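According to full-length UniProt numbering, the sequence shown is numbered sequentially starting from 1.
Beta carbons: idealized from backbone N, C-alpha and C, even for Gly.
Note that this is a predicted model, so its numbers are computed, not measured.
Worksheet: one structure, shown below.
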Amino acid sequence: MHTSNTDVQGLKKSATHFLQSQNVSRTISSIELRDMVNEARSQAGEPKVRNDQFIIRVQDELGDELGECKTIAHPQSRVDMASYDLTLDQCMLVGMRESKAVRRSVLQKLKELEGPRVIATLPDFSNPAAAARAWAEQFELQQIASQALIEAAPKIAFVDNYVDSTGLKGFRQTAKLLKANESRFREFLLDKKIMYRMGGEWQAYQPHIDAGRFEVRAGTSDSGHSFNQSKFTPKGVNWVAGLWAQYKLQEVA
């Protein structure tokens with residue numbers, strides 16, 4: 001395979017961009033998260049939660065998102081305990097079930113764990129064989145990404161179809177519209193008693209529905225799963241945008 005200088009320069013740019021844009025999905029065990037929660041609970045004067053109780057909360061919050069339940073020894077006590085590997089986003093969802101004081105402490109610690117980690121090093125582009133291999137690997141990655149987009153198309157279409165012509169918007173769409181971090185926006189909605197999580201779905205408190213800020217829509221996915229979802233009305237989006245702006249200003253002050 002012949003690799004020109006132009007190809008190598010283009011590959012360098014492509015590979016550098018790829019490495020800068022990719023992070024390893026950081027995970028911690030549910031035991032580590034529980035220890036983090038219990039430390040915050042102690043500081044807030046709240047009782048610690050046992051691992052079996054914590055596992056039930058994790059299962060209730062994350063449901064089908066969870067991977068395999070493992071049995072591992074606690075790093076200090078060496079007692080065998082059930083444990084799940086959780087992403088930081090999953091940890092944040094579980095942490096939001098705690099009281100405000102505990103939740104803030106846990107979320108702050110989780111944010112400190114966030115950070116980009118390079119998953120590979122750049123190849124030696126002065127070596128023609130290494131450059132050729134890197135080109136082939138990059139081409140394969142592009143093919144995989146294209147196939148993933150093709151496979152995801154039905155799911156994307158389902159989400160797009162769910163944004164109906166009435167202007168109703170879901171949680172993610174509203175967060176994107178406000179340029180808000182989803183985890184922070186969830187915390188805000190919980191703190192302000194605007195929405196709560198029930199049965200794996202985010203629901204609005206009834207007074208906000210009565211005020212015309214939300215509408216509850218029932219639907220069925222392609223897999224036959226029935227669901228109810230609270231969606232922001234245009235009035236609700238304008239209202240929550242004002243509250244979110246005030247919330248951000250208070251954080252800065």
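What would DSSP say about residue i, mapped onto helix, strand or coil?
i: Gly-236; result: helix
i: Ile-28; result: strand
i: Leu-243; result: helix
i: Glu-137; result: helix
i: Asn-228; result: strand
i: residue 256; result: Absent from the structure is residue 256, since the part of the chain shown begins at 1 and ends at 253.
i: Arg-217; result: strand
i: Arg-186; result: helix
i: Lys-248; result: helix
i: Lys-169; result: strand
i: Ala-204; result: strand
Is any beta-carbon of chain E found at less than 8 Å from that of residue i?
i: Asn-38; result: No chain E appears in the structure shown, which is made up of a single protein chain.
If you compare alpha carbons, which of the options is closest to residue i?
i: Asp-80; options: Leu-86, Cys-91 and Asn-51; result: Asn-51
i: Arg-186; options: Val-102, Leu-177 and Arg-172; result: Arg-172
i: Glu-114; options: Ile-55, Ile-28 and Val-49; result: Ile-28
i: Asp-64; options: Leu-86, Arg-78 and Lys-176; result: Leu-86
i: Arg-184; options: Asp-60, Leu-33, Ile-55 and Tyr-247; result: Tyr-247
Tell me whether the beta-carbon of residue i lies closer than 8 Å to the beta-carbon of residue j.
i: Lys-169; j: Phe-232; result: yes
i: Ser-99; j: Ser-30; result: no
i: Leu-177; j: Val-102; result: no
i: Asn-228; j: Val-216; result: yes
i: Val-94; j: Leu-190; result: no
- Are the segment 37-45 and the segment 64-78 in contact at 8 Å, needing three or more beta carbon pairs? no
- Query: Unbroken beta strand (DSSP E) runs of length 3 or more, entirely within the segment 52-111: which are they?
  - Reply: 70-73, 80-83 and 85-87
- Message: Contact between the segment 104-112 and the segment 195-205 is defined here as three or more beta-carbon pairs at a separation below 8 Å; is this criterion met?
- Response: no
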